Amino acid sequence: MQINYLKIIQCDFLDFCFRFRHSQLKKNITPFISFTWKFNGVKNVVIYNKQGHQAFIPYVRFSEVNLSLLLENVQERDSGSYTAVLGGETERKVAEYRISVQERLEPPVLTVDSVSSILDTCNVTVTCRGQNTTVTSICNNHTCSLVGGGSSGAETSTLSRLSIYVAGGTIICNHSNQVSWANDNKKIESIYVCGVGLHGNMSDLHVSVYSGAEGTKGRYLLIIVVIIMVVLTLILMYFIYLRKQSKSKLTSPAAL
1 MQINYLKIIQ CDFLDFCFRF RHSQLKKNIT PFISFTWKFN GVKNVVIYNK
51 QGHQAFIPYV RFSEVNLSLL LENVQERDSG SYTAVLGGET ERKVAEYRIS
101 VQERLEPPVL TVDSVSSILD TCNVTVTCRG QNTTVTSICN NHTCSLVGGG
151 SSGAETSTLS RLSIYVAGGT IICNHSNQVS WANDNKKIES IYVCGVGLHG
201 NMSDLHVSVY SGAEGTKGRY LLIIVVIIMV VLTLILMYFI YLRKQSKSKL
251 TSPAAL
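Just so we're aligned: 59 in UniProt numbering is position 59 of the sequence shown, and the numbers increase by one with no gaps anywhere.
Dropping the structure here:
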């Protein structure tokens, strides 16, 4: 049998078939003693000879008719090179293919670490955690920058990417590969009160970060605090006024 080339086709969701296509038999057929599928060049997957074939991995199927190999229920562990080898007087590699198996990603988790201000710019430090990696970025209302330099994305491997960015007033962490993607996000609500506050200096309070209903609670809390401050100020001014009026009556000629 003379083999021309090997073809990889997708048989079902996450199932890959390795198919040989060969020419018609010719007079000058080169016989082979054995035929072997190898994984990463060293591990035997299937050995086929005149006694039949033997599989060394439980989740594979081998066809003696067309020498095809079917991997069932493949996972990331099955990523690597698969080599077809003819055995005779000397071994001859007839084909080699590398496959990358990608699994569906789980949603990442985005958390807010701290809030700060630099030159009147409100910054939020956030951390995004994926399946096997963590990325921390500093974001404002427009952009995000990766802590430690570089872009706001990080390669978790050759198969997936974890990135943090801002869109529409929302900080978004996206975890993606070539077959799936998932994200988590936090809504930014900026409150600029620089230089004015309860103690005459509120330069440390610039941004409040809320998600969902927490944003409404934060606004109500701020309104209540402002109302209380106004009421206390009016009461204080009223007592000062009464005190001045009392002193004025004591020092007037009629009082003497």
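Beta carbons are placed, not taken as given, at the ideal position from N, Cα and C, and that holds for glycine. Since we're looking at a predicted model, the values are computed, not measured.
Member of the options whose CA lies at the smallest distance from the CA of residue i
i: residue 165; options: 187, 133 and 139; result: 139
i: residue 64; options: 81, 80 and 46; result: 46
i: residue 50; options: 88, 176 and 83; result: 88
i: residue 96; options: 160, 39, 174 and 221; result: 39
i: residue 57; options: 67, 90 and 74; result: 74
i: residue 112; options: 242, 170, 228 and 247; result: 170
i: residue 184; options: 105, 116, 236 and 243; result: 105
i: residue 37; options: 83, 90, 244 and 238; result: 83
Spatial neighbours of residue i in its chain, beta-carbon cut-off 6 Å, leaving aside the 5 residues before and after
i: residue 48; result: 35
i: residue 114; result: 125
i: residue 176; result: 161
i: residue 116; result: 123
i: residue 257; result: Past the edges of the chain, shown from 1 to 256, lies residue 257, and the structure says nothing about it.
i: residue 98; result: 81
Same chain, Cβ closer than 7 Å to residue i, five either side skipped, listed in chain order
i: residue 86; result: 32, 35, 92 and 94
i: residue 152; result: At residue 152 the pLDDT is 48, less than 50, meaning the model places this residue with poor confidence and gives no usable figure here.
i: residue 230; result: none
i: residue 224; result: none
i: residue 239; result: none
i: residue 180; result: 104 and 105
Exposed unless 16 or more other CB atoms sit within 10 angstroms - verdict on residue i
i: residue 135; result: buried
i: residue 59; result: exposed
i: residue 68; result: buried
i: residue 188; result: buried
i: residue 234; result: exposed
i: residue 247; result: exposed
i: residue 209; result: With a pLDDT of 40 at residue 209, under the threshold of 50, the modelled position of this residue cannot be trusted, and the question is left open.
Assumed close pair residue i, residue j - CB separation to whole angstroms, cut-off 8 Å
i: residue 173; j: residue 128; result: 4 Å
i: residue 102; j: residue 178; result: 6 Å
i: residue 182; j: residue 107; result: 4 Å
i: residue 81; j: residue 41; result: 7 Å
i: residue 186; j: residue 119; result: The Cβ separation is near 23 Å, so there is no contact.
Residues of its chain near residue i, where Cβ-Cβ distance is below 8 Å and the 5 sequence neighbours each way are ignored
i: residue 43; result: 56
i: residue 76; result: 101, 102, 103 and 159
i: residue 227; result: none
* Run through the stretch 84-164 for me and flag every whole beta strand (DSSP E) of 3 or more residues, listed as ranges in chain order. => Listed in chain order, the complete beta strand (DSSP E) runs (minimum 3 residues) inside the stretch 84-164 are 92-99, 109-118, 121-129, 134-139, 144-146 and 153-155.
* Ignoring anything shorter than 3 residues or poking outside the stretch 52-76, list the beta strand (DSSP E) runs there in chain order. => Fully enclosed beta strand (DSSP E) runs of 3 or longer: 52-55, 60-62 and 69-71.
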